[in-house]
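Here the protein sequences line up with chains X and E, keeping their order. Counting from 1 along the first sequence, just add 307 to a position and that's the residue number in the working numbering. Going by the working numbering, the residue at position 66 of the second sequence is 53; the numbering climbs one at a time, nothing skipped. Note that the Cβ used here is the ideal one computed from N, Cα and C, for glycine as well. Some notes on the structure that comes next.
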Amino acid sequence: GAGVSQSPRYKVAKRGQDVALRCDPISGHVSLFWYQQALGQGPEFLTYFQNEAQLDKSGLPSDRFFAERPEGSVSTLKIQRTQQEDSAVYLCASSLPTSGGAGELFFGEGSRLTVL
Amino acid sequence: DAKTTQPNSMESNEEEPVHLPCNHSTISGTDYIHWYRQLPSQGPEYVIHGLTSNVNNRMASLAIAEDRKSSTLILHRATLRDAAVYYCILRTPTGANSKLTFGKGITLSVRP
């Protein structure tokens, strides 16, 4: 389909393992966002890219979290030395750049990470 | 970002209209009011947004108070598929793009 695609949909990791989550945005969307959603909570902002530039990483909870988008398209969220509190759904969204706060974000279905 | 306040939950009957309220008393003059919804096991989905005037689209209507301190999302005829968490979000323009800051939202249940 033409939507935002995320993989894997489900990931189980042992505490201490590294994980990588992939996001394929809608073609032509220069803006890309990562969110973390804990059970029963709303999504929490992690980081934002415009093309390959990471313009806002204020939401990354620790230096174990790292995101990249080297060619301005596909993005990877990497979590090193996973902890149980990292268990959550990780959502990716993309959009066209729209000035002024209008415009729509398109979300993927998310990657559910469970850390044992 | 300015904050929004929504009830935790609401119930409605199928095929009846639903009015979902949102308070945003600290809204600034340039903030857009956005609504997204999230169905179970899916990512959030855009519903509607507005600035000052009421807005209609194929999914819903957005009624914005004259002082902009509150708004109401209106689903004209609820279906079982409308059962979801609905988020009212203020989006502050900051250059080319700006993030959405989600709260807990309101959980809408639809009775058959």
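Against chain X, a Cβ distance below 8 angstroms from residue 36 of chain E picks out 409 and 411.
By the rule that beta-carbons nearer than 9 angstroms mark a contact, residue 87 of chain E touches chain X. Taking a Cβ-Cβ cut-off of 7 angstroms, the neighbours of residue 91 of chain E in chain X comprise 348 and 349, given in sequence order. Cα atoms of residue -7 of chain E and residue 77 of chain E: separation of roughly 13 angstroms, rounded to the nearest angstrom. Beta-carbon to beta-carbon, residue 62 of chain E and residue 47 of chain E are separated by about 5 angstroms, close enough to satisfy the 8 angstroms threshold.
For residue 78 of chain E, the C-beta contacts it makes with chain X under 7 angstroms involve 408, in order along the chain. It is roughly 34 angstroms from the alpha-carbon of residue 398 of chain X to the alpha-carbon of residue 54 of chain E. Interface criterion met: the Cβ of residue 30 of chain E is under 9 angstroms from a Cβ in chain X. In this structure, DSSP gives residue 398 of chain X an extended state, which the three-state scheme calls strand. Distance between residue 31 of chain E and residue 396 of chain X, taken at the CA atoms: about 12 angstroms. When the Cα atoms are used, residue 43 of chain E and residue 420 of chain X turn out to be separated by approximately 37 angstroms. Fewer than three Cβ pairs drawn from the segment 374 to 386 of chain X and the segment -6 to 5 of chain E lie within less than 8 angstroms of each other, which leaves the two stretches out of contact. No Cβ of chain X is located within less than 9 angstroms of the beta carbon of residue 42 of chain E. 17, 18, 19 and 21: these are the residues of the segment 9 to 21 of chain E whose beta carbon lies less than 9 angstroms from some beta carbon of chain X, given in chain order. At a cut-off of 9 angstroms between C-beta atoms, residue 416 of chain X counts as an interface residue with respect to chain E. Using beta-carbon distances, residue 72 of chain E counts as an interface residue toward chain X, with a partner under 9 angstroms. Contact annotation, residue 332 of chain X with residue 401 of chain X: C-beta distance approximately 3 angstroms; criterion of less than 8 angstroms satisfied. No Cβ of chain E is located within less than 9 angstroms of the beta carbon of residue 370 of chain X.
Non-local beta-carbon contacts of residue 1 of chain E in its own chain, meaning distances under 7 angstroms to residues more than five positions away in sequence, involve 65, 66, 67, 97, 98 and 99 in chain order. For residue 351 of chain X, the uninterrupted beta strand (DSSP E) segment begins and ends at 351 to 357. If the five residues before and after residue 92 of chain E are omitted, its C-beta is found closer than 7 angstroms to the C-beta atoms of -7, 72, 73 and 74, all from its own chain and listed in chain order.
DSSP places residue 21 of chain E in the uninterrupted beta strand (DSSP E) bounded by 19 to 25. By the beta-carbon neighbour count (other beta carbons within 10 angstroms, threshold 16), residue 391 of chain X is exposed.
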